[in-house]
Amino acid sequence: MIKDLYLIRHGEAEEPTAGLKDVERQLTAKGLQDSSKVGMYLKQKEFHPDLMLHSIAERTTETMHRINEQLGVKPDHIEASEEIYEASARIMLRVISEIPAEMRSAIIICHN
Numbered sequence: 055m056i057k058d059l060y061l062i063r064h065g066e067a068e069e070p071t072a073g074l075k076d077v078e079r080q081l082t083a084k085g086l087q088d089s090s091k092v093g094m095y096l097k098q099k100e101f102h103p104d105l106m107l108h109s110i111a112e113r114t115t116e117t118m119h120r121i122n123e124q125l126g127v128k129p130d131h132i133e134a135s136e137e138i139y140e141a142s143a144r145i146m147l148r149v150i151s152e153i154p155a156e157m158r159s160a161i162i163i164c165h166n
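In the working numbering, the protein residues as written are 55 to 166.
Set out below in structure tokens:
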């Protein structure tokens, strides 16, 4: 069973614009900076996740990369999930319950 779980909302993202799909929206400069700060905070707390999950949205992917610059989670322990993009609470609970037992700690980078 998972022992430590951090649910992290992506950093500040660009405003929606015509012609740009929601999933393609990127982080602002502030969002990039704040995501790096989250990574530094987790590193300072000596949090070493066994697993990082993030939605397929560009802004959660960017957030994950910025956090992982500090944590150094191996690529085979990082997963992009279409399922958690716009997921309901019920779906998020199921995703969490399906994290393998050998994964004692995890980060999920998602939306609202």
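Each residue gets a CB set at the ideal place from its N, CA and C atoms; glycine is no exception.
Fair warning: this is a prediction, and the values are worked out from it, not measured in the lab.
For A83, the enclosing alpha helix (DSSP H) stretches over residues A83 to Q98.
Apart from the 5 residues on each side of it in sequence, T117 sits with its Cβ closer than 6 angstroms to the Cβ of H64, G65, S89 and I163 in its chain, given in chain order. In terms of Cβ geometry, I153 and E136 do not form a close pair [threshold 8 angstroms].
Counting of Cβ neighbours within 10 angstroms places I121 among the buried residues, the total reaching 16 or more.
In terms of Cα proximity to L81, the closest of G126, F101, E112 and V92 is E112. The residue from E140, T71, T115 and R144 with its alpha-carbon nearest to that of I161 is T115. Annotation: H108 is outside any alpha helix (DSSP H); the continuous beta strand (DSSP E) that includes it extends over L105 to S109. When rounded, the separation of the alpha-carbon atoms in E69 and K91 is 22 angstroms. Here the alpha carbons of D104 and K84 stand approximately 27 angstroms from one another.
Rounded to the nearest angstrom, the gap between the Cα atoms of R158 and D58 is 7 angstroms. Taking all protein chains in view, the Cβ of L61 is surrounded by fewer than 16 other Cβ atoms within 10 Å, so the residue is classified as exposed.
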